[in-house]
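Using numbering that gives the first Met the number 0, read the sequence shown as starting at 0 and increasing by one per residue.
Here is the structure we will look at, set down as structure tokens.
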Amino acid sequence: MAKRVFDIVFATLGLAAATPLFLLAAAAIKLSSRGPVFYVAPRAGRFGIPFGQLKFRTMHTGADRAGAFTAKNDVRVFAAGRLLRLFKIDELPQLLNVLRGEMSFVGPRPEDLATVRECYTPQQRRVLDALPGLTGLPQVRFFPELSVIDTEGMDPQEHYRRVILPMRLAMDLEYVRRQSFWFDLKLIAWTAWLILFTSWRVLLFGAVERKLTLEAQ
């Protein structure tokens, strides 16, 4: 009950406070890529029940046909989309999912329906016992995202299913075992710290890395 009350109160406050960011994000998307501002991703919710996960669109229209997982420096993501992803602004529309009771602030990140159906073992499906969340253990331990792991020449979609997904699910199962209201508050505080203070370092080092790569070429 405390978790649900927290979700409703802070999702409402978050939507009100984030209105200027919504407008800026919408303008950046429209100036960067043709297509809608929002993207609705079919995802498996609690107990595997499908729902539409709301996001600001960060990839070119139709790019999701090449696979649901986006790798590091994925060319399908346009420039403004990279910034929205780094600062997690693309996830803000999911506050509406939280208000509707489809998601929570903390929980396993919702997965693509086909991936759940084809890849989850019976043990791994236990992550579906919890409401999916905006953030969780994998998101704070591998900030900004797990896709920074080298694919070692493997197809990014195959690498995700064979290497990254098992790692992520192991951490999500750990969350399911440890979940409590106070643990959720710790993960929320940890996430806020990473977004406010670590994102800028990632952005700066990423720019330096790209500059060195261009100079080497």
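Cβ coordinates follow ideal geometry from the N, Cα and C atoms, glycine included.
The structure presented is a predicted model; accordingly, all values stated were derived computationally and were not measured.
For this session: Please work out which residues of its chain come closer than 8 Å, Cβ to Cβ, to Val36, disregarding the five sequence neighbours upstream and downstream, and give them in chain order.
Result: Taking the sequence shown and counting its residues from 1, one reaches residue 36 at position 37. Ala24, Ala25, Ile28, Lys29, Phe55, Arg56.
Exercise. Does the count of Cβ pairs from the segment 171-184 and the segment 126-141 closer than 8 Å reach three?
Worked result: By the Cβ criterion, the segment 171-184 is in contact with the segment 126-141, since at least three pairs of Cβ atoms, one from each stretch, lie closer than 8 Å.
Exercise. In its own chain, which residues sit with a C-beta less than 6 Å from the C-beta of Leu98, not counting the 5 before and 5 after it?
Worked result: As a working note, residue 98 is residue 99 in the sequence shown. The answer, listed in chain order, is Ala10.
Exercise. Whose CA, out of Leu94, Glu117, Pro137, lies closest to the CA of Pro107?
Worked result: On the sequence shown, residue 107 is found 108 positions in, with the first residue counted as 1. The alpha carbon of Pro107 has as its nearest neighbour, out of Leu94, Glu117, Pro137, the alpha carbon of Pro137.
Exercise. What are the boundary residues of the alpha helix (DSSP H) that Phe5 is part of?
Worked result: In the sequence shown, the residue the question calls residue 5 occupies position 6. Phe5 -> alpha helix (DSSP H) spans 1-16.
Exercise. What did DSSP end up calling Arg167 once you bin it into helix, strand or coil?
Worked result: Sequence index remark: in the sequence shown, residue 167 carries index 168 (1-based). For Arg167, the three-state secondary structure derived from DSSP is helix.
Exercise. Since Arg42 and Pro109 are thought to touch, with beta carbons under 8 Å apart, how far apart are those beta carbons, to the nearest angstrom?
Worked result: Your numbering for residue 42 matches position 43 in the sequence shown. Your numbering for residue 109 matches position 110 in the sequence shown. With 8 Å as the limit, Arg42 and Pro109 qualify as a contact, their Cβ atoms being about 4 Å apart.
For this session: Starting from the Cα of Phe5, find the closest Cα among Met102, Thr60, Met166, Ala17 and give me that residue.
Result: Start at 1 with the first residue of the sequence shown, and residue 5 comes out as number 6. Of the listed residues, the one whose Cα sits closest to Phe5 is Met102.
For this session: May I ask which residues mark the beginning and end of the alpha helix (DSSP H) holding Phe182?
Result: On the sequence shown, position 183 is the one that residue 182 refers to. Per DSSP, the unbroken alpha helix (DSSP H) holding Phe182 starts and ends at 180-192.
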